[in-house]
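Residue numbers (the working numbering), protein chains in the order written: chain A, 1 to 336; chain B, 1001 to 1255.
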């Protein structure tokens, strides 16, 4: 038996092509069963996420099975001959290495992301339940999960947040611990502040206040997020109770000055206050950071932290690949 | 025998602290901190048991015993609070202080090599000594939590977030909560110690150290009152906890 993988991902195919091959989670088992009916094939697993669809097969002749599978997919999706350029093809040990890279997050759009591990596991379990895995794919996937875990524990490939929103959320957790007791205020109903606030809510932030020059937009966003709208001339009162302020108004000058925060310090009993200023020009005057209990991060500071994390992850790739090679060399996987 | 227990406890604290610092430097969690500190506490307990048997009283008769008792109570409170709040790094910060306290007792020969039996052991005297030193253990740990907060606060303020230490430090809020609870606990124990001090058989009109203890108690009570009623920034609370502990230790050493 020979192992093979045919796939397409965010690097090889645009979304309009990827979406045609996407398989919903409940259909993964059926897709694997369908794959295993291919002439020559005895085992099959289908992985499908928003960034990739991959078909793993065990067949007596890998090259022949690749041709058959490609033809079937092209025919089914009525693609022209040029569509073949979107696919990548891996056989034997190449396919095993590729799966390990995928599981470890090395092939992901956001390097080192962890979600892919669960998604591949889900795909494998669906195929296992459908009875389309055997000695080749069972050993391959189990090995890949082991390698993925080793890569994540022995390297810092998943350390640090690589997006501005996640950096802000991580910092909030470093200041407040669990966010379940934290209240958040959004100043300006922009997309970036909405995303950041959503991340905070997803990690447990207790309540959200939204303040915007247009009260209707504030109400709409507050409704979306299960929060409460605050009139723009009343945000200073809300400052007394909140722990995190995300600001992204389109104001041409600073909106929050040191005096505004000084006014509410006593009422807040000098509790820590975390300002996330993602507006350009900045909404929060830099002087505010001089207040003892205030932590102020503007878009540059957040972007720099995200960028440093991305660089740190990039530097880990070689180490991860060495682990993958060493782990795969330890045993003779069937099909490779 | 007692000296051996102390020597081993000091070595274990040094190893635990160094091990922890190396882990922190590498950016990994120091999973063994708790285990090291448990071993330290057992050896401290061994030392205090032997001394207690020799004295047939609470082993708090010389400065060396007091330093070891203080190190023991610091370790004890760390073990009660650290693992529960998942702040193993508190142990990494506490271990050097335990090492310093015990080294002080060992090197400078501050404890009597052949302790004498206490001719007239008194319950209130023992209670006074024990609760007072326990209080100092809690207040010392509050100081350690204060230092940890100050380090974290500085890193957050200047956006220096790459170090392994930053990654391993517990959240600022958690440190402040622990610090405040330790201050309450220490002050409560100090209150007990002072009350027991007044119930001791009178030797002199009023022990000078009892006056100092009351002054320290007033200081901590004032700090907690301001924190509770008016509020206090984390930095001020942490600085006050560190400064007051050092100050009270210096004052006590002089009386």
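From the three backbone atoms N, C-alpha and C, an ideal C-beta is built for every residue, glycine too.
(message) Tell me the rounded alpha-carbon separation between residue 327 (chain A) and residue 147 (chain A).
(response) 7 Å
(message) Please list, in chain order, the residues of the region 1223–1239 of chain B that have any C-beta partner in chain A closer than 8 Å.
(response) 1230, 1231, 1232, 1233, 1234, 1235 and 1236
(request) Using a Cβ-Cβ cut-off of less than 7 Å, give me the residues of the region 161–187 of chain A that come near chain B, in sequence order. (result) 173, 174, 175, 176 and 177
(request) Would you identify the three-state DSSP class for residue 54 (chain A), choosing helix, strand or coil? (result) strand
(message) Just to confirm the assignment, what range does the beta strand (DSSP E) spanning residue 185 (chain A) have?
(response) 183–187
(message) Quick check: what's the CA-CA separation for residue 333 (chain A) versus residue 96 (chain A)?
(response) 9 Å
(message) On the DSSP bridge list, what partners appear for residue 3 (chain A)?
(response) A:58
(message) If you reduce the DSSP assignment to three classes, tell me which class residue 1162 (chain B) lands in.
(response) coil
(request) Please determine if the region 239–259 of chain A and the region 288–305 of chain A are in contact, where contact requires at least 3 C-beta pairs separated by less than 8 Å. (result) yes
(request) State yes or no: is the C-beta of residue 1179 (chain B) within less than 7 Å of the C-beta of residue 1146 (chain B)? (result) yes
(request) Note down the Cα distance separating residue 1048 (chain B) from residue 161 (chain A), rounded to an integer number of angstroms. (result) 48 Å
(message) Taking DSSP's pairing of strands, which residues face residue 43 (chain A) in a bridge?
(response) A:58
(request) Taking C-beta pairs closer than 7 Å, name the residues in chain A that residue 1161 (chain B) reaches, listed in chain order. (result) 305
(request) Give the secondary structure of residue 122 (chain A) by DSSP, where H, G and I count as helix, E and B as strand, and everything else as coil. (result) helix
(request) Report the three-state DSSP secondary structure of residue 326 (chain A) (helix, strand or coil). (result) helix
(message) Against residue 272 (chain A), what residues of chain B qualify as contacts under a CB-to-CB distance less than 8 Å, listed in chain order?
(response) 1172, 1173 and 1234
(request) Closer than 6 Å by C-beta to residue 1165 (chain B): which residues in its own chain qualify, once you throw out the five before and the five after it? Chain order, please. (result) 1024
(message) Quick check on residue 152 (chain A): buried or exposed, where buried means 16 or more other Cβ atoms within 10 Å of its Cβ?
(response) buried
(message) DSSP has residue 246 (chain A) in a bridge; who is on the other side?
(response) A:186 and A:276
(message) In chain order, what are the residue ranges of uninterrupted beta strand (DSSP E) at least 3 long that sit wholly in the region 1131–1193 of chain B?
(response) none
(request) Would you check if the distance between the CB atom of residue 132 (chain A) and the CB atom of residue 7 (chain A) is smaller than 7 Å? (result) no
(message) Restricting to Cα atoms, I'd like to know which of B:1126, B:1140, B:1099 and B:1105 is closest to residue 1244 (chain B).
(response) B:1140
(request) Within 10 angstroms of the Cβ of residue 1043 (chain B), are there 16 or more other Cβ atoms? Answer buried if so, exposed if not. (result) buried
(request) Write down the C-beta distance between residue 1214 (chain B) and residue 1246 (chain B) rounded to the nearest angstrom, noting that I regard them as a contact closer than 8 Å. (result) So it is not a contact: roughly 19 Å between Cβ atoms.
(request) Along the alpha helix (DSSP H) that carries residue 1211 (chain B), what are the first and last residues, could you check? (result) 1208–1229
(message) Buried or exposed for residue 174 (chain A), going by 16 or more other Cβ atoms inside 10 Å?
(response) buried
(request) In angstroms with no decimal places, state the Cα-to-Cα distance between residue 164 (chain A) and residue 261 (chain A). (result) 24 Å
(request) Kindly list, in the order they appear in chain A, the residues whose Cβ is closer than 8 Å to that of residue 1106 (chain B). (result) Chain A residues near residue 1106 (chain B): none, gap ~38 Å exceeds 8 Å.
(request) Go ahead and pull the three-state DSSP assignment for residue 212 (chain A). (result) strand
(message) When you compare the CB positions of residue 65 (chain A) and residue 3 (chain A), do they come within less than 7 Å of one another, or not?
(response) no
(message) Less than 7 Å between the beta carbons of residue 319 (chain A) and residue 155 (chain A), yes or no?
(response) yes
(message) Once the 5 residues before and after residue 112 (chain A) are set aside, which same chain residues still bring their CB inside 7 Å of it?
(response) 105, 157, 158 and 313
(request) Using a Cβ-Cβ cut-off of 7 Å, state whether residue 1156 (chain B) counts as contacting chain A. (result) yes
(request) Taking only beta carbons into account, state which residues of the region 261–294 of chain A come closer than 8 Å to chain B, listed in chain order. (result) 266, 268, 269, 270, 271, 272, 289, 292 and 293
(message) Less than 6 Å between C-beta atoms, sequence neighbours within five positions excluded: which residues of the same chain meet that for residue 51 (chain A)?
(response) 9, 10 and 109
(message) With a threshold of 6 Å on Cβ separation, who are the neighbours of residue 89 (chain A) within its own chain once the five nearest residues in sequence on each side are excluded?
(response) 6 and 66
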